[in-house]
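Inspection log for the structure reproduced underneath, given as structure tokens.
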Amino acid sequence: MNRQEFENRKAAEWSSLEMRVQALEGKAEGVEPEKIPGMFRRVCHDLSLAQYRMYGSRICDRLNALAMRSYRLIHSSRGGFGEGAIRFICDTFPNALRRERKLFVVSAMLFFVPFFLMWWSASQEIAWVQATLGPEMMMGLEDSYGKGGGKVIEARQEPGANFMMFGHYISNNVGIDFKLYAGGILYGIGTIFFQVFNGVYIGAMFGYVSYAGDQEKLLSFCAGHSSFELLGMVVVGMAGLKIGFSMLSPGRLSRTQALTKAGRDSLPLLIGGAAMTALAAVVEAFWSAQPVSYETKYAVGVVFWLLHVAYFVLMGRRFRGA
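Under the working numbering, think of the first position of the sequence shown as 9, with each following residue one higher.
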């Protein structure tokens, strides 16, 4: 293809991009700005080709100027950190979660099925629960949630105790998130293992307290942060499973390409789920152990669960008609 043929073939698209860029620079509306990034990539390819084939400074200068204007327009329209964070919360995260709703079901079952089975098993055969927890954990649960216990609330009245526990909860939640996500690289086996293990272990804790302690103390303590922590764990598990499935079934891509794509696509789930577990640490540290009535704590917990359901189902639809 000679220079004239190249210019004739591409002239219409270049002119279209120039008109869109000029209109957007003038703050005009109705020019479909979502098409600019794709056209920008194509004009960059054309510029590279024109330079390689030495089609002359006239074409190269025009394409370079057009690429620079498009680049400035794209990046100036992204807004600052605050705007990006708002868009992530209101659009990117909930839409990413709804697109992967099948993964949500799988991840939720991996956690909640063993969780409730282990909790229920305490009423049938406590030996399973005792073997899972071990003597040290059982003693700790009895001290905190035993019938004559209640040390969680008492200990948290000391100065600085809430901040100290906040650091502990953040460290614990980050560790769980890392294991769930990184475990996906082992064809999803690691994610499945840690999701099931967390379900079994946490279910065993609830089961043991219902058997040997005061179940209402534990339930009221966990009510406020349960939606943030449990759903956040499920969402991070989704991100890990997405990595794992990309390794198992890369399709027409190489495994490296499939892993790269899955990593990029799973990032909103990882960030959103980690943010939820971080918020769980805030609620758990500064609210869950407050000396307020059980009814109030249950009410707050129910409100948070309903808000999460509404957020996942409704948020972001007006942006894309999801």
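Beta carbons: idealized from backbone N, C-alpha and C, even for Gly.
Within its own chain, no residue has a Cβ closer than 7 Å to the Cβ of E13 once the five positions on either side in sequence are excluded. Close CB contacts of L227 within its chain, under the 7 Å cut and outside five residues either way in sequence, are absent. Rounded to the nearest whole angstrom, the C-alpha separation of Y79 and A73 is 10 Å. Along the region 254-314, the alpha helix (DSSP H) occurs as fully enclosed runs of 4 or more residues at 263-294, listed in sequence order.
For C68, the closest of G252, M147, V217, E15 by C-alpha to C-alpha distance is E15. Contact check between the region 191-198 and the region 251-266: three or more CB pairs, one atom from each, fall below 8 Å, which counts as touching. When the five nearest sequence neighbours on each side are left out, the beta carbons in the same chain lying within less than 6 Å of the beta carbon of V204 are those of L118, P122, in order along the chain. DSSP places G154 in the strand class (E or B) of the three-state scheme. By the CB criterion at 8 Å, L188 and G245 fall inside the cutoff. G221 is bridged by DSSP to G154.
Taking the CA atoms as reference points, V290 sits about 10 Å from F236.
Per DSSP, reduced to three states, the secondary structure at Y195 is coil, with no helix or strand assignment. Around the CB of S23, fewer than 16 other CB atoms lie within 10 Å, so the residue is classed as exposed.
Where F119 is concerned, the enclosing alpha helix (DSSP H) starts and stops at 109-129. In the assembly as shown, F48 is a buried residue. Its beta-carbon has 16 or more other beta-carbons within 10 Å. Spatial neighbours of A266 in its own chain (CB-CB distance under 6 Å, excluding positions within 5 residues in sequence) are listed in chain order as S254, P258. Y63 carries a coil assignment under DSSP once its states are collapsed to helix, strand and coil.
At the C-beta level, G92 and E150 stay beyond 8 Å of one another. Our two residues, I94 and G280, have alpha carbons roughly 12 Å apart in a direct line. Annotated as proximal: A130 and G215, with beta-carbon spacing under 8 Å.
Membership of T140 in the alpha helix (DSSP H) is indicated by the continuous run 134-141. In the DSSP assignment, N10 falls outside any alpha helix (DSSP H), carrying neither H nor E. In this chain, the alpha helix (DSSP H) harbouring K187 covers 169-190. The beta carbons of L81 and L125 sit no closer together than 8 Å. Burial of P276 is indicated by the presence of at least 16 other C-beta atoms within 10 angstroms of its C-beta.
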